[in-house]
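Please read the structure below before turning to the comments.
There are 2 protein chains.
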Amino acid sequence: MKISAQEEYGLRCLLQLARAEGMGESLTLSQLSRLEGISTANAGKLMWILSKAGLVQSTRGTKGGYSLARPASEIRLNRVIRVLEGEPAESHCKSYAGVLDACVHTGDCGIRPVIVELHQIVDNALADITLSQLLGTEANVDAALHQIQGIRPKDNRV
Amino acid sequence: MKISAQEEYGLRCLLQLARAEGMGESLTLSQLSRLEGISTANAGKLMWILSKAGLVQSTRGTKGGYSLARPASEIRLNRVIRVLEGEPAESHCKSYAGVLDACVHTGDCGIRPVIVELHQIVDNALADITLSQLLGTEANVDAALHQIQGIRPKDNRV
DNA sequence: TCTAATCTTGACTTAAAAGTAAGGTATCGC
DNA sequence: GCGATACCTTACTTTTAAGTCAAGATTAGA
């Protein structure tokens, strides 16, 4: 239930694009790679995933680069995370696939819908946050999250 | 941001123990392994993690086995998930560790606290659910989640 | 049209997570 | 005490995710 490296770096790159957008610029892979401290190859892979999903658009050739396909205020974190994490989340349990007659006590342990719902809870929480909300200062971010989820802002700037 | 195999199987085993507890029984590794369709070795590893964290207690020797260390109504999902996922979640970004001067636009991209807060959001959502709430039928589970999070119950029993 | 810059794509390598195996230790029942 | 049962722990193997490489394709500008 942790955010993966791909998810975090993809989100970071999107934020960089959102900032650049405000200045009427697009960013190349080498710029993104320098900004986030990852390789251009890895940045390219992330951008490819995001462009396939319609979140960013690319321009090839000299003066090319990447920019957001939609306004930052219309890009929600749940979509970003879902795109970057690949296949949709589902139960890892193989017992129900005919391997074993599991959960003998009741015939069904009732956990399958829980797994789905847990992801739904996360999705709902993330759907309330847009890219543009993350663009301000750290204080603003804390305030936004505080308002949305009732979470106390903490002093955890690493 | 997905639930991992370890997290799911650990949670499943806890539910089995909670059921057995209701009948005054404990469960051995081979029983757990049969119930959930995983190897005894793997079940043993999970139980070891959970017992280290004080969530389950073990009895050795003949007639031994595992049982919950506390009532199911006092075990909350956030604790279960956090224990099973290992080290606490933190930012994957290495740029701030002196490798590069990242986030040149503002000097700080402001995403670090967001990563922490995202995990906090998930934690808060999971803290509202106890093991005993998951023990009922699927319908009950859906109802419980609905009440807690305002999520519409869905027909997604796989 | 030629060249340099830039994205695109699939295959490959490396690192991390998941799962397995085996020997050790404690407990119970006889 | 002795043997059977069952947990405990470390090390190893397998699998999956993360990250890299390199050749190809596209565009802008000289």
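Residue numbers (our numbering), protein chains in the order written: chain D, 1262 to 1419; chain E, 1262 to 1419. In this text, a Cβ means the ideal position worked out from N, Cα and C, and glycines have one as well.
Residue i - partner residues in DSSP beta bridges
| i | result |
| --- | --- |
| G1318(D) | The sequence shown places Gln at residue 1318(D), rather than the Gly named in the question. Beta-bridge pairing links Q1318(D) to S1328(D). |
| R1295(E) | Bridge partners of R1295(E): none, in fact. |
| T1391(E) | R1337(E) |
| L1278(E) | Its beta-bridge partners do not exist; DSSP assigns none. |
| Y1288(D) | The sequence shown places Leu at residue 1288(D), not Tyr. Beta-bridge pairing links L1288(D) to Y1327(D). |
Residue i, buried or exposed, once every other Cβ within 10 Å from all chains shown has been counted against 16
| i | result |
| --- | --- |
| K1302(D) | Before going on, a small fix: residue 1302(D) reads as Ala here, not Lys. By the neighbour-count rule (16 or more Cβ atoms within 10 Å), A1302(D) is not buried but exposed. |
| K1263(E) | buried |
| M1284(D) | exposed |
| S1334(E) | exposed |
| R1321(D) | exposed |
| G1325(D) | exposed |
| R1331(D) | exposed |
| A1304(E) | buried |
| T1323(D) | exposed |
| A1386(D) | buried |
| E1378(E) | buried |
| N1401(D) | The predicted model places N1401(D) with a pLDDT of 49, which falls under 50 and marks its position as unreliable, so this point remains unresolved. |
Sequence-distant residues of its chain with Cβ nearer than 7 angstroms to residue i (five each side left out)
| i | result |
| --- | --- |
| E1268(E) | I1342, L1345, E1346 |
| S1300(E) | S1294 |
| T1265(D) | First, the residue type needs correcting, since residue 1265(D) is Ser and not Thr in the sequence shown. Result list for S1265(D): E1346, in chain order. |
| S1287(D) | A1281, T1320, G1326, Y1327, S1328 |
| L1296(E) | Q1277 |
| H1366(E) | For H1366(E), the predicted model reports a pLDDT of 35, less than 50, meaning its position is unreliable; a value from the coordinates is still stated below. Closer than 7 angstroms at Cβ, skipping near neighbours: no residue. |
Under 8 angstroms by beta carbon: chain E residues contacting residue i
| i | result |
| --- | --- |
| A1266(D) | H1353 |
Per-residue contacts from residue i into chain D (C-beta, under 9 angstroms)
| i | result |
| --- | --- |
| L1379(E) | I1264, L1338, I1342, V1383, A1386, L1387, I1390, L1406 |
Per-residue contacts from residue i into chain E (C-beta, under 7 angstroms)
| i | result |
| --- | --- |
| E1346(D) | M1262, K1263 |
Own chain partners of residue i with C-beta closer than 6 angstroms, once the 5 adjacent residues on each side are dropped
| i | result |
| --- | --- |
| S1393(D) | A1333, S1334 |
| S1319(D) | S1312, Y1327 |
| G1315(E) | A1330 |
| A1350(D) | H1380 |
| L1338(E) | L1387, I1390 |
| L1272(E) | V1341 |
| I1310(D) | none |
Cβ shell of residue i (< 8 angstroms), same chain only, five flanking positions each side left out
| i | result |
| --- | --- |
| M1308(E) | C1274, L1290, L1293, V1317, S1319, Y1327 |
| L1276(D) | L1392, L1395, L1396 |
Heavy atom of the ligand MG within 7 angstroms of residue i beta-carbon
| i | result |
| --- | --- |
| Q1394(E) | In terms of ligand content, the structure shown is empty, and the ligand MG therefore cannot be addressed. |
Interface residues of the segment 1290 to 1304 of chain D facing chain E [CB-CB below 8 angstroms]:
R1295, L1296, E1297, G1298
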